[in-house]
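Colleague: This is the structure, below, for whatever I ask next.
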Amino acid sequence: MIDTAEARKARGAFFTPPELTDFVAEWAVRSTADQILEPSCGEAAFLISAGERLKALGAARPGEGQLQGIEIHDASARSAAALVADYGLQARIRTGDFFDADPAELFDAVIGNPPYVRYQQFTGKVRVKAQQIALKQGVRLAGLASSWAAFVVHASSFLKPGGRLGLVLPAELLTVNYAAPVREFLMRRFAQVRIVLFEGLVFPGVLAEVILLLAEGTGPTDHCELYQARGLASLETLSWRSWVPENPKQKWIDGLLPPEAAELYAEIRSGEDFAELRDWGKTDLGIVTGNNRYFTLDTATIKALKLPARELIAISPPSSRHLRGLAFSAEDWAEMSSQGARTHLFYPAADKPSAAARRYIAQGEREGVHEAYKCRIRNPWWRVPLLPAADLFLTYMNHDTPRLVANLAGVRHLNSVHGVALKKPLRRLGMGTLPLGMLNSLTLLGAELVGRSYGGGILKLEPREADKLPLPSPESLRRIAPALRKLRSEVGPAFRNGELMQVVEQVDRVLLAGHLRISPDDILTLRRARQALFERRARRGENKP
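Mapping of the sequence shown onto the working numbering: position 332 corresponds to residue 326, and the numbering continues sequentially without gaps.
The structure is reproduced here in structure tokens:
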């Protein structure tokens, strides 16, 4: 069978640049007697680098016992054996699933690039097996965990006491909630945990951000060491920075902050003047239609279909491009509707749809809309479950920073944005002050820390991450509400021109400097820390193939 790019992607196989394999092998292989395992070895890139490292240390011809690999794909295993031989090396490469491998034989180093299969494809018996393997070492993985998480835990069980683990991993290790048990495990299992982050994309044609995990010894440890590399070339001169997380499970992206910025951020967040979004209200995902192009309608289509008004629900149009200001008003909604935006949701009565609705439902069935998963599990398939109209919209896929937008139009929202239902006592205050009050340097820095960045340079906030977004406390905003109302009338031109940082500077003047009495130097420290994380994220967007 020909091993196609699609087949490699399905099993999470990506070829690793030789600069990475050589670097990891040089770090991991330290003696001519070292035994090295490459699980999920693909074409044995790490084994070849390890063999070359052994020869550089003085090994005449590394034997099969020193270089071993496991590969689930039979053709790749055969290819790997041939490639190893071309380099004058001997290796024992077994065909099989690494999750079926028993750590009866231990190694000085386990190195490689684990398969990256997202949880949507990592299902059934394979996932259960991986979770059970991780659980044997005290690591309970959630159902959302991708394949690499269990792989890291299982790979560690193949190490001799004091052995070394060198893996290329998704940056999700640092940023996602499901990786928290893995982060805790690494600090419990190893005496030294080092992470190399890259400002740019490393794998040609792959947008996923990767890191290097270099862990060794027998733990536990209370700190990590991090290094941010501009690219593969800067691996030659590493300068490690030690960082002690408050909680081993917390996100490790905080470790990129300069110490003075980290201390200042923690101090302000822990005070009474800042809270979190969950203290203001509840965040939800939005309406899931199963097919937005079918269920969301513009006025011209509604007129052509002759759908009655009672079978339509007013919505904020799909996407969040129109949510860049402080509020989405009824006038904004009417203007978008007149310009052809999809401002209505198809929502006929379940028991007695109109004749026009029945014709549209029949059209949807001819087009196969009812076969989509979300439609298939509904009865009737064309009745979309509604959510109450939110008080605030929260944009969760952003280039610059998340925005809170007051829903003055009172319309429903799709899952292209999150909705925030404010606590009743805070509703009026929140709708009037949070959209502007959140645009301060500490909240912008917090967004970079609680969110997750993607290879295209986008910052994403899931609801559980949004819950932790640091925001001015209700009491703080009550005190500065008059100043914010005055400021609101002054920042309109900056919003229209897309000059976000001008708005942030104005809010900082009122909130951070005026109310919290934070010094200009400290405000600049927060601003620079946020800018550094933002630029790191943006550079990966510029590196898109």
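Don't be surprised by glycine CBs; every beta carbon is placed ideally from N, CA and C.
Tell me which residue opens and which closes the alpha helix (DSSP H) that alanine 260 is part of.
Modeller: Here the alpha helix (DSSP H) through alanine 260 covers 253 to 264.
Colleague: By DSSP, does glutamate 203 sit in helix, in strand, or in coil?
Modeller: Glutamate 203 carries a coil assignment under DSSP once its states are collapsed to helix, strand and coil.
Colleague: Is the region 100 to 109 in contact with the region 154 to 162, if contact means three or more CB pairs nearer than 8 Å?
Modeller: By the Cβ criterion, the region 100 to 109 is in contact with the region 154 to 162, since at least three pairs of Cβ atoms, one from each stretch, lie closer than 8 Å.
Colleague: In the structure shown, what three-state DSSP assignment does serine 310 receive?
Modeller: Coil, per DSSP.
Colleague: Taking C-beta to C-beta, are cysteine 369 and glycine 284 nearer than 8 Å?
Modeller: yes
Colleague: Output needed for leucine 502: all residues of its chain with C-beta closer than 7 Å, excluding positions within five of it in sequence on either side, in chain order.
Modeller: The amino acid at residue 502 is misidentified as leucine; the sequence shows aspartate. The answer, listed in chain order, is Asn434, Ser435 and Ile517.
Colleague: Measure from the alpha carbon of alanine 343 to the alpha carbon of each residue in Ile355, Gly334, Ala335 and Gln333, then state which is nearest.
Modeller: Answer by Cα proximity: Ile355.
Colleague: Near isoleucine 512, what residues of its chain come up, given a Cβ to Cβ distance below 6 Å and the 5 sequence neighbours on each side ignored?
Modeller: Leu506
Colleague: Our contact map puts glycine 492 next to histidine 407 with C-beta atoms below 8 Å; I'd like the distance itself, whole angstroms only.
Modeller: Under the criterion of beta carbons closer than 8 Å, glycine 492 and histidine 407 do not qualify as touching, at roughly 23 Å.
Colleague: To the nearest angstrom, how far is it from the Cα of alanine 79 to the Cα of glutamate 99?
Modeller: 23 Å
Colleague: Considering only DSSP beta bridges, list what threonine 277 is partnered with.
Modeller: Val414
Colleague: From Met432, Ala335, Asp28 and Ala22, pick the residue whose C-alpha is nearest to that of glutamate 270; which is it?
Modeller: For glutamate 270, the closest C-alpha among the options Met432, Ala335, Asp28 and Ala22 is that of Met432.
Colleague: Alpha carbons only, please: which of Leu167, Gly225, Ser264 and Ala308 is nearest the one belonging to leucine 208?
Modeller: Residue Leu167 is the option with its Cα nearest to leucine 208.
Colleague: Give me the residue from Thr437, Ser233, Arg422 and Pro419 with the minimum Cα distance to aspartate 267.
Modeller: Thr437
Colleague: Output yes or no for whether 8 Å exceeds the beta carbon distance between valine 104 and leucine 153.
Modeller: yes
Colleague: Counting only the same chain and skipping the five closest in sequence on each side, list residues whose C-beta sits under 7 Å from that of arginine 593.
Modeller: Any question about residue 593 goes unanswered here, given that the chain covers just -5 to 539.
Colleague: Are the region 301 to 308 and the region 345 to 361 touching by the rule of at least three beta carbon pairs closer than 8 Å?
Modeller: These segments touch.
Colleague: Spatial neighbours of lysine 3 within its chain, please: C-beta separation below 7 Å, excluding the five flanking residues on both sides.
Modeller: Its pLDDT being 42, under 50, lysine 3 is placed unreliably by the model, and the measurement read from it follows with that caveat. Same-chain partners within the cutoff: there are none.
Colleague: Taking buried to mean at least 16 other C-beta atoms within 10 Å of its own C-beta, is tyrosine 367 buried or exposed?
Modeller: Exposed, by the Cβ-count rule.
Colleague: How far does the beta strand (DSSP E) with asparagine 286 in it extend, from its first residue to its last?
Modeller: Asparagine 286 -> not in any beta strand (DSSP E); alpha helix (DSSP H) instead, spanning 286 to 289.
Colleague: Quick one: what does DSSP say asparagine 392 is sitting in, helix, strand or coil?
Modeller: For asparagine 392, the secondary structure class from DSSP, reduced to helix, strand or coil, is strand.
Colleague: Going by the CB atoms, is the gap between glutamate 13 and cysteine 35 shorter than 8 Å?
Modeller: no
Colleague: Short check: CB of leucine 527 to CB of alanine 460, under 8 Å?
Modeller: Taking C-beta atoms as the reference points, leucine 527 and alanine 460 fail to come closer than 8 Å.
Colleague: If you follow the beta strand (DSSP E) that valine 221 is in, where does it begin and where does it stop?
Modeller: According to the sequence displayed, residue 221 carries tyrosine and not valine. Tyrosine 221 -> beta strand (DSSP E) spans 218 to 223.
Colleague: Just how far apart, CA to CA, sit tryptophan 376 and leucine 402?
Modeller: 28 Å
Colleague: Rounding to the nearest angstrom, what Cα-Cα distance links aspartate 515 and histidine 509 in this structure?
Modeller: 16 Å
Colleague: Once you ignore the five residues that flank alanine 174 on each side, which residues in its own chain have a CB closer than 7 Å to its CB?
Modeller: The beta carbon of alanine 174 is closer than 7 Å to those of Lys243 in its chain, skipping five residues each way along the sequence.
Colleague: Going by DSSP, which residues form a beta bridge with threonine 89?
Modeller: Glu65
Colleague: By Cβ distance, which residues of its chain are closer than 6 Å to leucine 77, with the 5 residues on each side in sequence left out?
Modeller: Glu37 and Ala38
Colleague: Using CA atoms only, rank isn't needed, just tell me which of Ala54, Phe93, Thr89 and Ala223 is closest to tyrosine 81.
Modeller: Ala54
Colleague: Taking the DSSP output, what are the residues bridged to tryptophan 237?
Modeller: Cys218
Colleague: Do you know whose CA, among Gln60, Val204 and Gly63, lies nearest arginine 446's CA?
Modeller: Val204
Colleague: Skipping 5 residues on each side, what residues in its chain have a beta carbon closer than 8 Å to that of glycine 334?
Modeller: Asp292, Thr293 and Ala294
Colleague: Apply the 10 Å Cβ neighbour rule to threonine 231 and answer buried if 16 or more other Cβ atoms are within range, or exposed otherwise.
Modeller: Here threonine 231 is exposed, its C-beta having fewer than 16 other C-beta atoms within 10 Å.
Colleague: Using CA atoms only, rank isn't needed, just tell me which of Ser236, Ser151, Arg287 and Gly225 is closest to proline 252.
Modeller: Distances from the CA of proline 252 to each of Ser236, Ser151, Arg287 and Gly225 were compared; the closest alpha carbon is that of Ser236.
Colleague: Using CA atoms only, rank isn't needed, just tell me which of Leu520, Asp345 and Ala475 is closest to valine 260.
Modeller: Sequence check: residue 260 is alanine here, not valine. Nearest option by C-alpha distance: Leu520.
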